[in-house]
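Residue numbers (my numbering): 114 to 226. A virtual CB, placed ideally from N, CA and C, is assigned to each residue, including glycine. All figures in this text were calculated on a predicted structure; none of them were measured in a lab. Written out below as structure tokens is the structure these notes cover.
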């Protein structure tokens, strides 16, 4: 369990997380329907593709590079001046990553069964 919380990350993981974070930030910048689909009931919420590089980083390189990718991808929202939206996006993506990481390590399934 200690390895899950404080793993060693090498240069390859940092480089991959940085590139995937840049891709997530790029998809956050680009407006329009292929990258930003408005939610039908409440149009201020939208589905976007920024979570895909974050999940790829989590699955291929581990939890810490996934968090690093999430921080880079969500930082563009903070740079545009939307503090509240950035915090909510960061919390949503981190909750998704944490839930998937726990499922991946069978922690959730062991506690349910």
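Beta-carbon gap between residue i and residue j smaller than 8 Å
i	j	result
residue 210	residue 184	no
residue 167	residue 186	yes
Between the CA atoms of residue j and residue i - distance to the nearest angstrom
i	j	result
residue 189	residue 217	28 Å
residue 220	residue 124	28 Å
residue 163	residue 122	23 Å
residue 165	residue 149	13 Å
residue 214	residue 176	7 Å
residue 137	residue 155	23 Å
Below-8 Å beta-carbon distance, residue i vs any chain B residue
i	result
residue 129	Going by chain labels, chain B is absent from the structure shown, which holds only one protein chain.
One or two residues paired with residue i in a DSSP bridge
i	result
residue 160	150
Three-state secondary structure assigned by DSSP to residue i
i	result
residue 144	coil
residue 134	helix
Cutoff 7 Å; reference residue i; Cβ partners in own chain excluding five residues on either side
i	result
residue 115	Only weak support is given to the placement of residue 115: the predicted model assigns it a pLDDT of 45, under 50, and the question is left unresolved by the model.
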